[in-house]
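Mapping the sequence shown onto my numbering, position 67 (from 1) lands on 506, and the numbers just tick up by one.
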Amino acid sequence: MEGRVPEPASVTARPTRARYLVLCFIIAVYFITYVDRVLLSVAEPFIEKSFGFSTITMGWVLFSYSIAYALFQIPGGWFGDKVGPRLALTCVVIWWSVFTALTSLTWSAASMAVCLFLIGMGEAGAFPIANRALSRWMLPSERAIAQGATHAGSRLGSALTPVMVVALVGATLLSWRLPFLLFAVIGVVWALLWYRFYRNSPAEHRLVNAAERDRIKSALGFRDGVKRQVPWKQILSNPQMWLLSAMYFCYAYDIGAFLSWFPKYLNAARGVDLKQMGFYASLPFLAGLLGDVTGGVVSDALVKRTSNLRFARRIVSITGFWISAATVLCAAWAADPMVSLAWFAVALFALELTVGVSWAVTLDVGGEFAGSVSAVMNTMGNIGAAMAVAVTARLASTWGWESAFAVIAALAAIAGGLTFTIDASRRFYRDDLVA
Numbered sequence: 440m441e442g443r444v445p446e447p448a449s450v451t452a453r454p455t456r457a458r459y460l461v462l463c464f465i466i467a468v469y470f471i472t473y474v475d476r477v478l479l480s481v482a483e484p485f486i487e488k489s490f491g492f493s494t495i496t497m498g499w500v501l502f503s504y505s506i507a508y509a510l511f512q513i514p515g516g517w518f519g520d521k522v523g524p525r526l527a528l529t530c531v532v533i534w535w536s537v538f539t540a541l542t543s544l545t546w547s548a549a550s551m552a553v554c555l556f557l558i559g560m561g562e563a564g565a566f567p568i569a570n571r572a573l574s575r576w577m578l579p580s581e582r583a584i585a586q587g588a589t590h591a592g593s594r595l596g597s598a599l600t601p602v603m604v605v606a607l608v609g610a611t612l613l614s615w616r617l618p619f620l621l622f623a624v625i626g627v628v629w630a631l632l633w634y635r636f637y638r639n640s641p642a643e644h645r646l647v648n649a650a651e652r653d654r655i656k657s658a659l660g661f662r663d664g665v666k667r668q669v670p671w672k673q674i675l676s677n678p679q680m681w682l683l684s685a686m687y688f689c690y691a692y693d694i695g696a697f698l699s700w701f702p703k704y705l706n707a708a709r710g711v712d713l714k715q716m717g718f719y720a721s722l723p724f725l726a727g728l729l730g731d732v733t734g735g736v737v738s739d740a741l742v743k744r745t746s747n748l749r750f751a752r753r754i755v756s757i758t759g760f761w762i763s764a765a766t767v768l769c770a771a772w773a774a775d776p777m778v779s780l781a782w783f784a785v786a787l788f789a790l791e792l793t794v795g796v797s798w799a800v801t802l803d804v805g806g807e808f809a810g811s812v813s814a815v816m817n818t819m820g821n822i823g824a825a826m827a828v829a830v831t832a833r834l835a836s837t838w839g840w841e842s843a844f845a846v847i848a849a850l851a852a853i854a855g856g857l858t859f860t861i862d863a864s865r866r867f868y869r870d871d872l873v874a
């Protein structure tokens, strides 16, 4: 029946819960990814001061990361579907960790732009591959909670990075360079542990008993051991794919603007000095972390209560986008900096209600090809994020920060409207037509 979620077969033995350990690894890599990503924006005022870059120059340096991140989403998702998440995620994390370390050795805008482009190339594969990893392990009724938890990991990275970077910069003669070296090491350690622990199928993992394996298999209906071609023609010709991608374009533009420019905004427009910036910049992202978890919990609870997947995904996203649109405007025009910060926290909480649901939808509609479906969605999203880096810098420099936040609010409102058109209960391909 349309909108209904398949129930797993009952089992007599108590199932193990190895899938939750897999989820913990994915949460950790989302955290690491966003530590590295937010590191760039938090270090930006220190880099500007060190090299004498203008805001426009720094905007183009950051744009090199964002455009690579956008361009390599689909290749990254394809790589994960082709070789499996175990090897693919190991490779991309080591790749970007190496170039994160090399960023600490850059000496000019051009050299930094090259390193950031190569970091973005590697990080582009992280979310689609991680999504592919979860698609073989998590039950349908756990998807939004799982995606909310993983994105909470990313927002925890966003929240803690400003505090960590400002503390490290203030405690070392190496200035902004030391954090890049330290976080690169963390990435390599995670990659080695992941390769040792993860398996591409629950049936291959020694910690999974027959009860958990059967529960996952009956719920997901995947064919273990059967490799099938990604049905690109069906996926790309489905109008729902592009509606989902357009919605995520709007979301990613908004969060990309915050990730790239919020610390700078606090310093330039609100008069927060660099020593205090780390603390204040982290507060809205902590609110976003709560939004990630809340959105996933509420959506999956609605799935269980109503058995209506379409409604459970839509209602959370629509609510989040429209509240965010209204409160961003309140924040931008508030005269008191602390009142503004409080409104921004509400805006990011509401915006982040939507992200776990969006990625849960890619599992709902993508099935075993969730890596490729999420890569298409995230490609469009990160085109939006790349545009946000350059456009926000231009708007803020020419017409002031209020104009930049007006664009953010408008896109959140549009995203809420697009969500009405997305049906999570329908796969983007016909299973009988997949070779």
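All C-beta atoms in this analysis are idealised placements derived from N, C-alpha and C, irrespective of residue type, glycine included.
>> Tell me which residue opens and which closes the alpha helix (DSSP H) that E841 is part of.
In response: For E841, the enclosing alpha helix (DSSP H) covers residues 840-858.
> Distance, Cα to Cα, F636 vs T758?
Replying inline: Taking the CA atoms as reference points, F636 sits about 38 Å from T758.
>> So the candidates are V804, A623, E581, A827; which of them puts its Cα closest to the Cα of R478?
In response: Checking the sequence shown, residue 478 turns out to be Leu, not Arg. Here the closest residue by C-alpha is A623.
> Going by the CB atoms, is the gap between Y692 and M819 shorter than 8 Å?
Replying inline: Taking 8 Å as the cut-off, the beta carbon of M819 is found no closer than this to the beta carbon of Y692.
>> So for L780, helix, strand or coil by DSSP?
In response: When secondary structure is reduced to three states using DSSP, L780 falls in the helix class.
>> I'd like to confirm something about V669: is its beta-carbon nearer than 7 Å to some heavy atom of the ligand FAD, or not?
In response: Among the ligands in the structure shown, none appear at all, so the ligand FAD cannot be discussed.
> How long is the line joining the alpha carbons of R752 and S547, rounded to whole angstroms?
Replying inline: Their Cα atoms are separated by approximately 46 Å.
> Quick one: any contact between the stretch 689-704 and the stretch 471-490, if contact means 3 or more CB pairs under 8 Å?
Replying inline: Put simply, the stretch 689-704 touches the stretch 471-490. At least three CB pairs are less than 8 Å apart.
> Which residues bound the alpha helix (DSSP H) around T801?
Replying inline: It spans 794-805 - the alpha helix (DSSP H) in which T801 sits, taken as one unbroken run.
> Which residues in the same chain as M399 place their Cβ atom closer than 7 Å to its Cβ, once the five residues preceding and following it in sequence are excluded?
Replying inline: Absent from the model: residue 399. The displayed extent of the chain is 440 to 874, so no value can be given.
> Around the Cβ of W885, are there at least 16 other Cβ atoms within 10 angstroms (buried) or fewer (exposed)?
Replying inline: Here the chain comprises residues numbered 440 to 874, so residue 885 is not present and cannot be evaluated.
>> What residue range does the alpha helix (DSSP H) around E562 cover?
In response: Secondary structure note for E562: its alpha helix (DSSP H) is the uninterrupted segment 548-562.
>> Please classify W629 as buried or exposed, where buried requires at least 16 other C-beta atoms within 10 Å of its C-beta.
In response: Burial is judged here by how many other beta carbons sit within 10 angstroms of a residue's own beta carbon; W629 has at least 16 and is buried.
>> In this structure, how does DSSP classify A708 when only helix, strand and coil are distinguished?
In response: If DSSP states are grouped into helix, strand and coil, A708 belongs with coil.
> Taking DSSP as the reference, what is the three-state secondary structure of Q668?
Replying inline: Here Q668 sits in coil by DSSP.
> Among residues of its own chain, excluding the 5 on either side of A843, which ones have a beta-carbon nearer than 6 Å to its beta-carbon?
Replying inline: The beta carbon of A843 sits closer than 6 Å to those of T831, L834, A835, all from its chain and outside the five residues before and after it, given in chain order.
> Using the beta-carbon count (16 or more within 10 Å), is Y459 buried or exposed?
Replying inline: Classification for Y459: exposed.
>> Relative to the C-alpha of S536, which candidate in L510, G523, A565 has its C-alpha closest?
In response: For the residues L510, G523, A565, the minimum Cα distance to S536 belongs to A565.
> At which residues does the alpha helix (DSSP H) containing Y634 begin and terminate?
Replying inline: Looking at the DSSP string, the run of the alpha helix (DSSP H) that includes Y634 is 616-636.
> Of all the alpha helix (DSSP H) runs that stay within the bounds of the stretch 508-544, which reach a length of 4 or more residues?
Replying inline: Taking only runs of at least 4 residues, the alpha helix (DSSP H) segments lying wholly in the stretch 508-544 are 512-522, 524-542.
> From V804 to R866, what distance separates their C-alpha atoms?
Replying inline: The alpha-carbon separation between V804 and R866 amounts to approximately 4 Å.
>> If the criterion is Cβ atoms closer than 8 Å, does the pair Y868 and I674 meet it?
In response: Yes, these two residues count as a Cβ contact at 8 Å.
>> Could you compute how far the alpha carbon of A552 sits from the alpha carbon of A650?
In response: For A552 and A650, the distance between alpha carbons rounds to 50 Å.
>> Using CA atoms only, rank isn't needed, just tell me which of S657, A765, A771 is closest to G855.
In response: Taking the Cα of G855 as reference, the smallest distance to any Cα among S657, A765, A771 is reached at A765.
> Under three-state DSSP, which class holds L612?
Replying inline: The predicted position of L612 is uncertain, since its pLDDT is 44 and thus under 50; no value can be drawn from it.
> For A685 versus L857, is the C-beta spacing smaller than 8 Å?
Replying inline: Result yes, Cβ atoms of A685 and L857 sit closer than 8 Å.
>> Quick check: L728 and A507, are their CB atoms within less than 8 Å of each other?
In response: Their beta carbons are not under 8 Å apart, which means L728 does not touch A507 by this criterion.
> For the putative contact between A809 and A786, defined by C-beta atoms under 8 Å, what is the C-beta separation to the nearest angstrom?
Replying inline: The Cβ separation is near 29 Å, so there is no contact.
> For R866, which three-state DSSP category applies?
Replying inline: The answer is coil: DSSP assigns R866 none of H, G, I, E or B.
>> Buried or exposed, going by whether 16 or more other CB atoms sit within 10 Å of the CB of I495?
In response: Under a 10 Å Cβ-count criterion, I495 is classified as exposed, with fewer than 16 other Cβ atoms of the shown protein chains found around its own Cβ.
> Exposed or buried, which one is D775 when buried takes at least 16 other CB atoms within 10 Å?
Replying inline: Note on D775: under 16 other CB atoms within 10 angstroms of its CB, so exposed under the neighbour-count rule.
>> On a Cα-Cα basis, can you pick out the residue from L462, K488, T860, R476 that is closest to F619?
In response: Out of L462, K488, T860, R476, R476 has the C-alpha closest to the C-alpha of F619.
> Helix or strand or just coil, what does DSSP make of V785?
Replying inline: V785: helix per DSSP, three-state reduction.
> In chain order, which continuous runs of the alpha helix (DSSP H) of length 4 or greater are located wholly inside the stretch 713-772?
Replying inline: If we require 4 residues or more, the alpha helix (DSSP H) runs fully inside the stretch 713-772 come out as 713-745, 748-772.
>> Only counting the same chain, and skipping five residues up and downstream in sequence, which positions put a Cβ closer than 6 Å to that of V796?
In response: Excluding sequence neighbours, V796 sits near A583, G734, S738, R752, V755, S756.
> Is G695 near A851, with beta carbons less than 8 Å apart?
Replying inline: Result no, Cβ atoms of G695 and A851 do not sit closer than 8 Å.
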